[in-house]
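Protein chains in written order, with this note's numbering: chain L, 998 to 1219; chain W, 69 to 541. Don't be surprised by glycine CBs; every beta carbon is placed ideally from N, CA and C. What follows is one structure encoded as structure tokens, with my remarks underneath.
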Amino acid sequence: MNRAQIVGAIRSALDAESSQAARRAIVADRLAHPLAHPRPARTRRIAAELVQQFKDYQRTLGVDLIEVGTAAEVPAAISGYLLGLALPLRLRRGADPLLAGLPWESASLVVDIGAAQDGDTVGLSRAVAGAAETGTLVLASGADNPVTLGFLPDTHIVVLRADTIVGSYEEACAMVLAETGGAMPRTLNLITGASRTGDIGGKIVMGAHGPRRLAVVLLGSG
Amino acid sequence: VKRAAAFEAGVAAALANPSLQAALADVPAGFVAARARAKAALPEFEALRRTGRDIRDHTLAHLDVYLETFERNAEHAGSRVHWAASGTDACDIILGICREAGARVVTKSKSMVSEEVGLRARLEAAVLDVVETDLGEYIIQIRGETPSHIIAPAIHLRAGDVADEFRRRHSHLGAERDLSAPEALVGEARAVLREKFLSAEVGITGANFLVAETGSAIIVTNEGNADLTMSLPKVHIVLASIDKVVPTLNDAWPLLRLLARSATGQEFTAYTTLVTGPRRAGDIDGPEACHVVIVDNGRSELLRSKLRPVLRCIRCGACMNHCPVYCAIGGHAYDSVYPGPIGAVLTPALAGLPEAGHLAQASTFCGRCEEVCPVEIPLVSLMRHWREMAIEEPGSWRSRTLLRAWAWLAQHPRAYRPVASMAAGTLALLGRARGRLSALPFGKRWTRHRDFPAPQGRTFQALYARRKREAAP
Chain L
998 MNRAQIVGAI RSALDAESSQ AARRAIVADR LAHPLAHPRP ARTRRIAAEL VQQFKDYQRT
1058 LGVDLIEVGT AAEVPAAISG YLLGLALPLR LRRGADPLLA GLPWESASLV VDIGAAQDGD
1118 TVGLSRAVAG AAETGTLVLA SGADNPVTLG FLPDTHIVVL RADTIVGSYE EACAMVLAET
1178 GGAMPRTLNL ITGASRTGDI GGKIVMGAHG PRRLAVVLLG SG
Chain W
69 VKRAAAFEAG VAAALANPSL QAALADVPAG FVAARARAKA ALPEFEALRR TGRDIRDHTL
129 AHLDVYLETF ERNAEHAGSR VHWAASGTDA CDIILGICRE AGARVVTKSK SMVSEEVGLR
189 ARLEAAVLDV VETDLGEYII QIRGETPSHI IAPAIHLRAG DVADEFRRRH SHLGAERDLS
249 APEALVGEAR AVLREKFLSA EVGITGANFL VAETGSAIIV TNEGNADLTM SLPKVHIVLA
309 SIDKVVPTLN DAWPLLRLLA RSATGQEFTA YTTLVTGPRR AGDIDGPEAC HVVIVDNGRS
369 ELLRSKLRPV LRCIRCGACM NHCPVYCAIG GHAYDSVYPG PIGAVLTPAL AGLPEAGHLA
429 QASTFCGRCE EVCPVEIPLV SLMRHWREMA IEEPGSWRSR TLLRAWAWLA QHPRAYRPVA
489 SMAAGTLALL GRARGRLSAL PFGKRWTRHR DFPAPQGRTF QALYARRKRE AAP
């Protein structure tokens, strides 16, 4: 009832009853061939510059940057990071193959697997890509990548391969779709710095609801 | 007329409120300066505004087809799409979903359309424990207030006001606790709200955009509260108005590039989430059901009118941050869900001219709102449209008669000259002593705050004619 009423009201307001076929054709064309809008120049740089730009953004955003050369170094780098902050040496991660394949036994870390639980201190996720235009991490939820890991724990650590840093959101999103075979993940999360609020007297305070602290483990940037 | 009088009283109260004035004094150094920095850092910003405008105009011109496309793709992804012609319908639908889910606790992230349709009050009347999770929105919820800004709902308050309210409201916590720092207030709200997040059966969010191509909703927050709202409960409800749809993902990115820069002056908001349906097979978190409620509530009528460009709005709030009137009186004086220039255009359309037509008078027509609008809404001409409509109302017969008389006079020089000459002569005589007049007949309200400079005694035309005569050989 409501549906026909609303669609009818829009159509009548646009005076579009007689031109429906043509309008549908225009929409079908736009959906079949999405417009490539101009992208900022800062998204079109060579790979090394994009990586540098991404790293610069992490510093501006107050994100802790942990650079490692190889995947094998990741667990030790994380435990060193947590130790430095005097945090418990324990984290929870999903079953993501990249994360599962790391030599966890090499570091003195308790690793839980699954969706985030109340009381978890550290969540570990894998980013599919990084968009250098604003230093944005792009994560996709799925069976192996529970979304709650990035929002419930006080500390969120994200592993990102340096060779997946691209210029624009468009390119980063295309990498997600390439990984899923074209289907949108349930949630596509673009993360640019940790949780913050300016709602009390206009002063920016970190850790409003999501993580108070965000760290990026940048893999292979050397 | 009653509403207009209430507005004037509200303005007077706002101007006389020192605590509000202190809070508003920070807006230029905050949002305005931050936007200017973000714009300067992106050379493509002005071109991006035109792209944004074109995307919105194209979508509005094909809105029915894009909404149908969105519905098809959202349902394909497992969401249920509901259509609500009015705000009441939207509330009914959402209440129905909450009841079906057996909800007692409902978390909610900030959504202007939910304010517009009165959703929280409706759910609370049905004895649901509804909790606003955006920090600013939570603060005004417990204070029993409405948002005074579309992206910073508690912008009218200072940290001390929040501390006082938290002491009253969170009385289970120690009275001796130190709440002097904003960090302490944020920490306390975080702890209180975390319990609600974990116990809610239903989470309600708005949507910054709906993507027709994929059936996704895009939701942007700095706090991450929308993500907890949509990920933890077993049911997620998205409430969005019909104008939120964009054709494709490609069309969403330019608008997202504009949104944060125009709103808070950030280059990008901390959390931008594209959510497409409920939990998938194999997922170990996320809601079991996802509903999208698409509400019209008067917008389809706007498509027909000159006001169509107002539906381009992406709700960034830049127009109010840059408005000298908003920055002087704050949002509450407008007594409208949408304050500032966008409210002065949108609210008369949604609530009716008698209810809100006076808001279009609350502008100096300086045009800064138009200059900063990320989708180039011609806010000044649209406010002028309402002023033109208002003058045609039966109640405006006095203004109308005066304007007609003036128009007749201005078009008849033979009548204009003697009348102008008599007026200039009389006023010159009256203001002779001081060179200015402290009261004008028919203009007492104008001269209450300033003097009127006294004319020299002769009109321009008379002086011009004399000079010409004298210059002649």
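Contact with chain L by residue i, beta-carbon distance below 8 angstroms
i                 : result
Arg554 of chain W : Outside the shown range of chain W, which is 69 to 541, sits residue 554 of chain W, and nothing can be said about it.
His453 of chain W : no
Val195 of chain W : no
Ile165 of chain W : no
Ser404 of chain W : no
His217 of chain W : no
Ile352 of chain W : yes
Ala396 of chain W : no
Arg133 of chain W : Position check: residue 133 of chain W holds Val in this sequence, whereas Arg was assumed. Yes, contact with chain L.
Asn318 of chain W : yes
Phe336 of chain W : yes
CB contact below 8 angstroms: residue i versus chain W
i                  : result
Tyr1078 of chain L : no
Leu1032 of chain L : yes
Ser1218 of chain L : no
Leu1047 of chain L : no
Asp1117 of chain L : no
Pro1085 of chain L : no
Phe1148 of chain L : yes
Asp1053 of chain L : no
Gly1199 of chain L : yes
Ser1015 of chain L : no
Pro1094 of chain L : no
Gly1190 of chain L : yes
Thr1194 of chain L : yes
Gln1002 of chain L : yes
CB-CB length for residue i against residue j, believed under 8 angstroms
i                  : j                  : result
Thr175 of chain W  : Lys264 of chain W  : 6 angstroms
Leu450 of chain W  : Leu375 of chain W  : 6 angstroms
Cys441 of chain W  : Cys387 of chain W  : 6 angstroms
Pro215 of chain W  : Gly399 of chain W  : 7 angstroms
Glu112 of chain W  : Pro1035 of chain L : 7 angstroms
Gly1111 of chain L : Pro1143 of chain L : 7 angstroms
Val306 of chain W  : Ala280 of chain W  : Actually they do not touch by this definition, with Cβ atoms about 14 angstroms apart.
Glu444 of chain W  : Arg117 of chain W  : 6 angstroms
Val1202 of chain L : Arg1210 of chain L : The pair is not a contact, with the Cβ atoms about 13 angstroms apart (cut-off 8 angstroms).
Thr432 of chain W  : Pro407 of chain W  : So it is not a contact: roughly 16 angstroms between Cβ atoms.
Ile1162 of chain L : Gly1127 of chain L : 4 angstroms
Asp295 of chain W  : Arg367 of chain W  : Their Cβ separation, rounded to whole angstroms, is 28 angstroms, which puts Asp295 of chain W and Arg367 of chain W out of contact at 8 angstroms.
Residue i, DSSP secondary structure in three states
i                  : result
Asp154 of chain W  : For the record, residue 154 of chain W in the displayed sequence is Ser; it is not Asp. The answer is coil: DSSP assigns Ser154 of chain W none of H, G, I, E or B.
Arg1041 of chain L : coil
Glu200 of chain W  : strand
Lys176 of chain W  : strand
Thr1118 of chain L : coil
Ile218 of chain W  : coil
Tyr406 of chain W  : coil
Asp1109 of chain L : strand
Asn389 of chain W  : helix
His144 of chain W  : helix
Leu495 of chain W  : helix
Ile161 of chain W  : helix
Phe510 of chain W  : coil
Gly271 of chain W  : strand
Gly1132 of chain L : coil
Gly1139 of chain L : strand
Chain-order list of residues whose beta-carbon lies under 7 angstroms from that of residue i (same chain, five-residue window excluded)
i                  : result
Val343 of chain W  : Ser284, Ala285, Ile287 and Met298
Thr1189 of chain L : Leu1058, Thr1131, Gly1132 and Thr1133
Arg468 of chain W  : Ile459
Arg105 of chain W  : Gly333
Arg1008 of chain L : Glu1014
Close Cβ partners of residue i (< 6 angstroms) along its chain, the five nearest in sequence each way excluded
i                  : result
Val270 of chain W  : Cys166, Ala169, Ala171, Val174, Pro301 and Val303
Ala222 of chain W  : Gly204, Ile207 and Ile208
Leu1136 of chain L : Ser1122, Ala1124 and Asn1186
Gly1195 of chain L : Ile1201
Sequence-distant residues of its chain with Cβ nearer than 8 angstroms to residue i (five each side left out)
i                  : result
Gly1098 of chain L : Ala1068
Asp125 of chain W  : Pro377 and Arg380
Heavy atom of the ligand NAD within 7 angstroms of residue i beta-carbon
i                  : result
Arg1183 of chain L : Judged by which ligands are present, the structure shown has none, so any question about the ligand NAD falls away.
Would you mind listing the alpha helix (DSSP H) stretches within the segment 420-463 of chain W that are 4+ residues and don't spill past its ends, in chain order?
-> 421-424, 436-440 and 447-459
Which ranges does the beta strand (DSSP E) cover as unbroken runs of at least 3 residues, wholly within the segment 277-332 of chain W, from first to last along the chain?
-> 277-279, 284-289 and 303-309
Secondary structure, beta strand (DSSP E): runs of 3+ residues fully inside the segment 1050-1083 of chain L = 1061-1065
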